[in-house]
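Colleague:
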Amino acid sequence: MQSPESCFTPFNQTLDDIALPQRFTFPFYYEPHPLCLLAAKELQQHLATQELWQHNFGLNGDPEMVIGKMFGVLVVENADGEIGYLSAFSGKLANQNLLPGFVPPVFDMLAQDSFFHQGQLVINDINDRLEQLEANPAIAELTLALSGELAAENEAIELYRQEMIAGRKSRKAQRAEAANLLNEADFSTLQEKLSRESVRDKNRLRDLKFYWQERVNLIRQQLAVLTDEIGQLKDKRKVLSAQLQQKLFQQYRFLNKDGAEKNLADMFSDTAYQTPPAGAGECAAPKLLQYCFKWQMKPVAMAEFWWGQSPKSEIRKHKNFYGACLGKCQPILGHMLEGIEMDENPLLNNPAVDKAIDILFQDDDMLVINKPADLLSVPGKSITDSVYSRMKQLFPAATGPLIVHRLDMSTSGLMVIALNKRAHKNLQKQFIERSVKKRYQALLQGELAQGELQQDSGTITLPLRTDFDDRPRQLVCQQYGKPAETFWEVKERGNNRTKVYLYPKTGRTHQLRVHCAHPLGLNLPILGDDLYGDKGERLHLHAQLLELQHPRSKQVMSFSAEAQF
Numbered sequence: 001m002q003s004p005e006s007c008f009t010p011f012n013q014t015l016d017d018i019a020l021p022q023r024f025t026f027p028f029y030y031e032p033h034p035l036c037l038l039a040a041k042e043l044q045q046h047l048a049t050q051e052l053w054q055h056n057f058g059l060n061g062d063p064e065m066v067i068g069k070m071f072g073v074l075v076v077e078n079a080d081g082e083i084g085y086l087s088a089f090s091g092k093l094a095n096q097n098l099l100p101g102f103v104p105p106v107f108d109m110l111a112q113d114s115f116f117h118q119g120q121l122v123i124n125d126i127n128d129r130l131e132q133l134e135a136n137p138a139i140a141e142l143t144l145a146l147s148g149e150l151a152a153e154n155e156a157i158e159l160y161r162q163e164m165i166a167g168r169k170s171r172k173a174q175r176a177e178a179a180n181l182l183n184e185a186d187f188s189t190l191q192e193k194l195s196r197e198s199v200r201d202k203n204r205l206r207d208l209k210f211y212w213q214e215r216v217n218l219i220r221q222q223l224a225v226l227t228d229e230i231g232q233l234k235d236k237r238k239v240l241s242a243q244l245q246q247k248l249f250q251q252y253r254f255l256n257k258d259g260a261e262k263n264l265a266d267m268f269s270d271t272a273y274q275t276p277p278a279g280a281g282e283c284a285a286p287k288l289l290q291y292c293f294k295w296q297m298k299p300v301a302m303a304e305f306w307w308g309q310s311p312k313s314e315i316r317k318h319k320n321f322y323g324a325c326l327g328k329c330q331p332i333l334g335h336m337l338e339g340i341e342m343d344e345n346p347l348l349n350n351p352a353v354d355k356a357i358d359i360l361f362q363d364d365d366m367l368v369i370n371k372p373a374d375l376l377s378v379p380g381k382s383i384t385d386s387v388y389s390r391m392k393q394l395f396p397a398a399t400g401p402l403i404v405h406r407l408d409m410s411t412s413g414l415m416v417i418a419l420n421k422r423a424h425k426n427l428q429k430q431f432i433e434r435s436v437k438k439r440y441q442a443l444l445q446g447e448l449a450q451g452e453l454q455q456d457s458g459t460i461t462l463p464l465r466t467d468f469d470d471r472p473r474q475l476v477c478q479q480y481g482k483p484a485e486t487f488w489e490v491k492e493r494g495n496n497r498t499k500v501y502l503y504p505k506t507g508r509t510h511q512l513r514v515h516c517a518h519p520l521g522l523n524l525p526i527l528g529d530d531l532y533g534d535k536g537e538r539l540h541l542h543a544q545l546l547e548l549q550h551p552r553s554k555q556v557m558s559f560s561a562e563a564q565f
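Using UniProt numbering, read the sequence shown as starting at 1 and increasing by one per residue.
The structure is reproduced here in structure tokens:
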């Protein structure tokens with residue numbers, strides 16, 4: 001039986017020198033509070049030394065079944081006024097939901113007596129039956145035979161259609177010739193003969209189609225005898241799965257500080273997809289808060305860190321802290337943290353409010369500007385200040401969309417702006433056709449050793465797609481990602497940093513940042529990258545060179561602006 005003390009961990013040292021935060025952590029973007037750093041350090045020490053369970057985090061060189069994991073710590077004040085912390089992991093750990101010292105899941109799907117377990121057994125039985133039915137060799141034989149009959153039918157009908165076309169041409173030629181040679185009676189007789197031939201050909205086509213339809217339908221009937229049960233079982237499985245999933249959503253009931261409960265189905269009903277994504281409610285943050293509120297504790301501060309090897313698709317660094325994921329956790333935490341005073345969302349502040357845009361070139365058709373870091377290219381949901389809004393204000397007579405291409409908010413450097421529709425169409429076409437030459441300068445967080453890659457230049461081709469559960473983060477995805485290609489070359493090494501030139505052939509979101517940080521890329525994040533590396537004063541990525549054709553004169557123009565790092 002659980003108790004408040006079973007998961008509450010007192011700190012191993014005195015906290016006299018650490019002041020409590022005035023407000024709770026904004027969970028999606030934060031700097032860990034010193035208490036969270038201390039709690040995380042103690043938990044990490046436990047993870048590195050415990051022997052109660054086994055899980056391959058990929059830290060000992062074992063390549064098999066590596067699963068890194070997100071952990072969370074929630075600093076709390078218990079009913080006795082004591083400050084300690086709770087610990088949690090996302091999903092399962094060591095194939096278990098319940099482990100000593102960690103808070104339990106909001107709902108334990110793995111419990112043997114749970115409705116989910118029983119429902120899953122029924123679905124598993126259906127899957128076993130489907131596997132047996134689908135393994136029947138007669139299905140493959142009949143499917144192949146059906147494919148052969150359909151191909152033969154198409155060939156036979158098409159061959160006869162060609163004969164009909166040839167007959168139609170022959171009859172047309174006969175009519176044209178007879179019109180000048182035969183009298184009216186003989187011409188009428190010929191017409192009747194040719195008409196009968198036309199009707200005969202159509203009847204033969206009808207009979208041919210009927211013949212092949214009978215052959216094809218016979219095989220389809222034989223196949224249906226074997227596949228109808230498969231279709232019925234799949235329909236039944238789909239219905240049972242949907243019912244089980246909906247019931248599961250309703251079992252995930254989350255508390256807030258006032259004791260109000262809300263389930264997953266209700267919390268996601270107003271979101272874009274209306275249905276909770278896979279794994280919703282299993283992240284560390286909701287688990288921690290649920291336990292905290294269940295036992296009437298007061299939340300003080302929270303942080304989540306990654307432990308282990310990075311997944312193949314994501315970029316996660318061992319021991320790095322990360323914000324809660326937006327797709328899965330935002331609706332849940334919105335309810336759970338209702339009424340709790342939190343730190344301000346730093347993403348709502350405009351860090352570029354006092355930063356100016358330098359105009360490097362200007363004529364009647366276009367501008368080339370040097371965008372400062374932290375300024376949006378186009379207005380965002382919360383911040384309207386952007387290159388677009390400033391250009392609109394500076395050039396009120398300009399027509400068209402103005403923005404031809406974009407730079408990430410955090411990236412500084414060269415952008416071309418079109419001042420009229422004609423120039424915009426021409427410049428945009430150059431970008432689409434990839435005739436524009438671009439060079440970026442980046443400072444990597446670490447020294448790129450020559451021995452690692454055996455070269456000072458190369459090409460990275462890691463396909464990218466959006467992480468729909470944690471926008472705007474991007475994933476490397478071989479199956480669904482869009483092609484992305486970057487040529488790189490080392491400019492300078494030293495002081496545990498590497499300066500590189502980056503030449504993107506494609507323009508995917510965060511392409512350069514991911515290609516630098518991913519283990520299959522350069523395996524070094526760009527300095528100051530708050531998404532794929534470590535936060536810093538700025539992202540050290542700069543669009544340094546831009547070469548394009550003037551939209552009116554067609555003259556090739558080259559522009560450069562050195563990075564301020």
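Using N, Cα and C, we set each Cβ at its ideal position, and we do this for glycine too.
Nearest to Glu489 by alpha carbon, out of Thr509, Gln478, Cys516?
Modeller: Here residue 489 refers to the residue found at position 489 when the sequence shown is read from its first residue. With distances taken between Cα atoms, Glu489 lies closest to Cys516.
Colleague: In terms of DSSP beta bridges, what is His424 paired with?
Modeller: Indexing the sequence shown from 1 puts residue 424 at position 424. None, per the DSSP bridge assignment.
Colleague: Hey, could you find the ends of the beta strand (DSSP E) Glu261 is sitting in?
Modeller: Position 261 of the sequence shown, counted from the first residue, corresponds to residue 261. 261-263 is the span of the beta strand (DSSP E), which, as asked, contains Glu261.
Colleague: Kindly indicate which three-state DSSP category Val368 falls into: helix, strand or coil?
Modeller: Counting from 1 along the sequence shown, the entry for residue 368 is found at position 368. Strand.
Colleague: On the CB-based measure, 16 or more other CB atoms within 10 Å of its CB, does Thr399 come out buried or exposed?
Modeller: On the sequence shown, position 399 is the one that residue 399 refers to. Classification for Thr399: exposed.
Colleague: Say whether the stretch 368-376 touches the stretch 286-302, bearing in mind that this needs 3 or more beta-carbon pairs closer than 8 Å, one atom from each stretch.
Modeller: Not touching, per the Cβ criterion.
Colleague: Alpha carbon to alpha carbon, how far is Asn154 from Asp228?
Modeller: Here the question's residue 154 lines up with position 154 in the sequence shown. Here the question's residue 228 lines up with position 228 in the sequence shown. One C-alpha to the other measures close to 26 Å.
Colleague: Buried or exposed: Glu282, going by 16 or more other Cβ atoms within 10 Å of its Cβ?
Modeller: For the purposes of this step, residue 282 is taken as the residue at position 282 of the sequence shown. Under this definition Glu282 is a buried residue.
Colleague: Per DSSP, what kind of secondary structure is Gly494 in: helix, strand or coil?
Modeller: What you label residue 494 is simply residue 494 of the sequence shown in a count that begins at 1. Three-state DSSP puts Gly494 in a strand.
Colleague: So within the stretch 259-334, which uninterrupted beta strand (DSSP E) runs reach at least 3 residues, ignoring any that extend past its ends?
Modeller: You should have 261-263, 298-307.
Colleague: Could you check which residue in Ser382, Lys425, His542, Trp306 has the C-alpha nearest to that of Ala88?
Modeller: By 1-based counting over the sequence shown, the position of residue 88 is 88. The shortest Cα separation from Ala88 among Ser382, Lys425, His542, Trp306 belongs to Trp306.
Colleague: Could you have a look at Tyr532 and say whether DSSP puts it in helix, strand or coil?
Modeller: Locating residue 532 in the sequence shown gives position 532, where the first residue counts as 1. In the structure shown, Tyr532 sits in coil (DSSP, three-state: anything other than H, G, I, E or B).
Colleague: Work out the CA separation of Glu131 and Asn349 for me, nearest whole Å.
Modeller: Translated into positions along the sequence shown, residue 349 becomes position 349. Translated into positions along the sequence shown, residue 131 becomes position 131. Spanning the two alpha carbons is a distance of roughly 56 Å.
Colleague: Return the bridge partner residues of Gln511 from the DSSP annotation.
Modeller: Reading the sequence shown from its first residue, position 511 is the one you call residue 511. Beta-bridge pairing links Gln511 to no other residue.
Colleague: So Thr506 and Glu492 are supposed to be a Cβ contact under 8 Å. How far apart are they, rounded?
Modeller: On the sequence shown, residue 506 is found 506 positions in, with the first residue counted as 1. On the sequence shown, residue 492 is found 492 positions in, with the first residue counted as 1. With a Cβ gap of about 26 Å, Thr506 and Glu492 do not count as contacting.
Colleague: Within the continuous beta strand (DSSP E) that includes Glu547, where are the two ends?
Modeller: Position 547 of the sequence shown holds residue 547. Glu547 -> beta strand (DSSP E) spans 541-549.
Colleague: Which residues in the same chain as Ala352 place their Cβ atom closer than 7 Å to its Cβ, once the five residues preceding and following it in sequence are excluded?
Modeller: Working through the sequence shown from its first residue, we reach residue 352 at position 352. Excluding sequence neighbours, Ala352 sits near Pro372, Asp374, Leu375, Asp385.
Colleague: Relative to the C-alpha of Ser382, which candidate in Leu347, Met415, Asp365 has its C-alpha closest?
Modeller: Position 382 of the sequence shown, counted from the first residue, corresponds to residue 382. Looking at the Cα atoms, Leu347 is the closest of the given residues.
Colleague: Does Ile417 pass the burial test, meaning 16 or more other C-beta atoms within 10 Å, or should it be called exposed?
Modeller: Position 417 of the sequence shown, counted from the start, is the residue given in the question as residue 417. The residue is buried, with at least 16 neighbouring Cβ atoms inside 10 Å.
Colleague: Could you tell me the distance, in whole angstroms, from the CA atom of Leu443 to the CA atom of Pro401?
Modeller: Stepping through the sequence shown from its first residue, residue 443 is reached at position 443. Stepping through the sequence shown from its first residue, residue 401 is reached at position 401. Near 32 Å, if we compare the C-alpha coordinates of Pro401 and Leu443.
Colleague: With three or more C-beta pairs closer than 8 Å as the rule, is the stretch 34-48 touching the stretch 115-123?
Modeller: Not touching, per the Cβ criterion.
Colleague: Going by DSSP in three states, Asp408 sits in which element: helix, strand or coil?
Modeller: Position 408 of the sequence shown holds residue 408. In the structure shown, Asp408 sits in coil (DSSP, three-state: anything other than H, G, I, E or B).
Colleague: DSSP on Ser457, reduced to helix/strand/coil?
Modeller: Along the sequence shown, one-based indexing puts residue 457 at 457. Three-state DSSP puts Ser457 in a strand.
Colleague: Are the Cβ atoms of Ala543 and Gly413 separated by less than 8 Å?
Modeller: Here residue 543 refers to the residue found at position 543 when the sequence shown is read from its first residue. Here residue 413 refers to the residue found at position 413 when the sequence shown is read from its first residue. Yes, the Cβ-Cβ distance between Ala543 and Gly413 is below 8 Å.
Colleague: So for Trp53, helix, strand or coil by DSSP?
Modeller: By one-based count along the sequence shown, residue 53 stands at place 53. Trp53 falls in the coil class under three-state DSSP.
Colleague: For Asp365, collect the residues of the same chain with a Cβ closer than 8 Å to its Cβ; drop the 5 residues on either side in sequence, then sort them by chain order.
Modeller: The residue labelled residue 365 in the question sits at position 365 within the sequence shown. Excluding sequence neighbours, Asp365 sits near Ala418, Leu419, Asn420, Arg422, Ala423, His550, Pro551, Arg552.
Colleague: In this structure, does DSSP put Met342 in helix, strand or coil?
Modeller: As a working mapping, residue 342 is identified with position 342 in the sequence shown. In the structure shown, Met342 sits in a strand (DSSP, three-state: E or B).
Colleague: What does a CB cutoff of less than 7 Å around Thr275 pick up in its chain, not counting 5 residues either side in sequence?
Modeller: In the sequence shown, counting from the first residue as 1, residue 275 sits at position 275. Around Thr275: Phe268.
Colleague: Pull up the distance between the alpha-carbon of Val103 and that of Arg253, whole angstroms please.
Modeller: Residue numbering aside, residue 103 sits at position 103 when the sequence shown is read from its first letter. Residue numbering aside, residue 253 sits at position 253 when the sequence shown is read from its first letter. Rounded to the nearest angstrom, the two C-alpha atoms are 15 Å apart.
Colleague: Could you give the DSSP three-state label for Val436: helix, strand or coil?
Modeller: Residue numbering aside, residue 436 sits at position 436 when the sequence shown is read from its first letter. Val436 falls in the coil class under three-state DSSP.
Colleague: Quick one: using the 10 Å Cβ neighbour count with 16 as the cut-off for buried, is Leu475 buried or exposed?
Modeller: Reading the sequence shown from its first residue, position 475 is the one you call residue 475. Result: buried.
Colleague: For Phe468, does the count of other Cβ atoms within 10 angstroms reach 16, so buried, or fall short, so exposed?
Modeller: Counting from one through the sequence shown, the residue named residue 468 turns up at place 468. It is exposed - the Cβ of Phe468 has fewer than 16 other Cβ atoms within 10 Å.
Colleague: Suppose the cutoff is 6 Å on Cβ atoms and the five residues either side in sequence are ignored; what does the same chain contact list for His33 look like?
Modeller: Sequence index remark: in the sequence shown, residue 33 carries index 33 (1-based). Pro21, Ala301.
Colleague: With a cut-off of 8 Å, do at least 3 Cβ pairs link the stretch 240-254 to the stretch 169-176?
Modeller: Touching, no.
Colleague: Between the C-alpha atoms of Gln232 and Leu218, what's the straight-line distance to the nearest angstrom?
Modeller: As a working mapping, residue 232 is identified with position 232 in the sequence shown. As a working mapping, residue 218 is identified with position 218 in the sequence shown. About 21 Å.
Colleague: Taking DSSP's pairing of strands, which residues face Phe254 in a bridge?
Modeller: By one-based count along the sequence shown, residue 254 stands at place 254. Paired residue(s): Lys262.
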